[in-house]
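Enquirer: If you count the sequence shown from 1, you need to add 18 to reach the numbering used here. I have a structure here, written as structure tokens, and I will follow up with some questions on it.
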Amino acid sequence: MFDRPKPIPLQPGQESVWDYPRPPRLEISTKHIQVVFNSTIVADTHNARRVLETSHPPVYYIPSEDIRMEYLVRSPQSSFCEW
């Protein structure tokens, strides 16, 4: 039998994934988010969406108009996300 995970005490300004809701919640984020690869800015936004779900780290979704698509290559693989 496995022990259940125990939350680590929070420090000021921190969030706990155990406090996130189930079902997940979608929030608008106005934080400045950049995706940088090899010193090149691939995405830059102040208009992301943040998904919060119990026991999962936050996931940020960046609008396609804020992504420099010329740096992306289509993958033959696929995935699915309910969001």
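Just so it is clear, CB atoms sit at the ideal spot from N, CA and C, and this is done for glycine as well.
I want to know whether the stretch 21 to 38 touches the stretch 52 to 60 - three or more CB-CB distances under 8 Å.
Expert: Flag = no, the stretch 21 to 38 and the stretch 52 to 60 do not touch.
Enquirer: Report, in whole angstroms, the separation of the C-beta atoms of A66 and S97, which I expect to be a contact under 8 Å.
Expert: About 19 Å separates the two Cβ atoms, so there is no contact after all.
Enquirer: How would you label T63, buried or exposed, when you count the other beta carbons within 10 angstroms and need 16 or more for buried?
Expert: So T63 counts as buried.
Enquirer: Report the three-state DSSP secondary structure of E45 (helix, strand or coil).
Expert: Three-state DSSP puts E45 in a strand.
Enquirer: With respect to the beta strand (DSSP E) encompassing D62, which residues constitute its N-terminal and C-terminal limits?
Expert: Segment 58 to 63, the beta strand (DSSP E) holding D62.
Enquirer: Which of helix, strand or coil does DSSP assign to Y89?
Expert: Reduced to three states, the DSSP call for Y89 is helix.
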